[in-house]
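Report on one structure; see the data block that follows.
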Amino acid sequence: MFDLRDKTVFVAGGAGYLCVPSCLGLAQHGANLIVADINIQAVERQVADLRKAVPESKVEGVVLDIADESSIQNAIHYAVDKLGKLDVLINATYFSIGDLVEELSPADLDRALHTNITGSFLLAREASVQIKDGGNIIFFSSMYGEIAPDPRNYPAHVKPNPIEYGISKAAIEQMIRYLAVYWAPRNIRVNGIAPGAFPHPQQQLEDPTWMEMLASRAPLGRIGRQDEIAGAVLYLASNEASFVTGHILNVDGGWTIW
2 MFDLRDKTVF VAGGAGYLCV PSCLGLAQHG ANLIVADINI QAVERQVADL RKAVPESKVE
62 GVVLDIADES SIQNAIHYAV DKLGKLDVLI NATYFSIGDL VEELSPADLD RALHTNITGS
122 FLLAREASVQ IKDGGNIIFF SSMYGEIAPD PRNYPAHVKP NPIEYGISKA AIEQMIRYLA
182 VYWAPRNIRV NGIAPGAFPH PQQQLEDPTW MEMLASRAPL GRIGRQDEIA GAVLYLASNE
242 ASFVTGHILN VDGGWTIW
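In my numbering, the protein residues as written are 2 to 259.
Encoded structure:
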């Protein structure tokens, strides 16, 4: 199960919190990896950790600014030059301003939407040139691409999840469906993962009362663990999901079902 030997996987946002266990799982199941992120120090740490944990896997790192088309092109070309091919693209990047609706400037909204939507489109399109028959693309969405944040879920000192984030993730989910149809004749699958509440450990330490409230909103009665995204990534990246396309897999403890 989940045999990824001889597959080359490009992970955009691969040094981010939710992707660290996924990258480890991909390498443990035989994949060769390109870890791409805007933070070069985080990329270098992630590459070093993966090489140490799974020495038999080929792991390379590259800087990627998804808001910059030339950076996207350079990163994809680097991946193919280093590892010879590209089988799977995972896009776990995101950018948000964090302002309230009344505060958000038109320029900042445009910048966020360009980064999250246009950048994701350009990355997928550039990768699709290299991905061959049977390859696949996995976008990270969010439960907030499907539902609106409830202000009652946020304590007074925390702003609700920002509007540009939800708009971007909703657009990503439609992009998944569109591209799944568009690239189906080439046998390229396109799917998504929509995480629920996965607060960073620092948030968990600083605000346990808020964490308890978030946990109470999910039918399973808890927040997500960092490693619980990895199984969804491995499944969608593998041949076990060879007849799955245009699907958004919710990993949210049931949050979006009520």
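Note that beta-carbon positions come from the ideal geometry of N, C-alpha and C, so glycine has one too.
From a predicted model like this one, the values you see are computed outputs, not experimental measurements.
For P196, the uninterrupted beta strand (DSSP E) run begins and ends at R190 to P196, by DSSP. Along the region 146-220, the beta strand (DSSP E) occurs as fully enclosed runs of 3 or more residues at 190-196, listed in sequence order.
If you compare the alpha carbons of G135, P200 and L206 with that of R190, the shortest gap goes to G135. The three-state reading of DSSP puts A16 in coil, since its state is none of H, G, I, E or B.
Annotation for A238: the continuous alpha helix (DSSP H) segment containing it runs A231 to A238. Between W211 and V252 the beta-carbon gap is near 20 Å, outside 8 Å, which marks them as no contact.
Fewer than three beta-carbon pairs drawn from the region 155-170 and the region 217-228 are found closer than 8 Å, and the two stretches are therefore not classed as touching. Closest by C-alpha distance to G120, out of S143, P107 and N92, is N92. In the same chain as M2, and ignoring 5 residues on each side of it, the C-beta atoms closer than 7 Å to its own belong to E241, in chain order. For F122, the enclosing alpha helix (DSSP H) covers residues G120 to Q131. Within the same chain, G247 come within 6 Å of R178 by CB-CB distance, once the 5 residues on both sides are set aside. Straight-line spacing of the CA atoms in K83 and V36 works out to 12 Å. The alpha-carbon separation between D88 and R153 amounts to approximately 42 Å.
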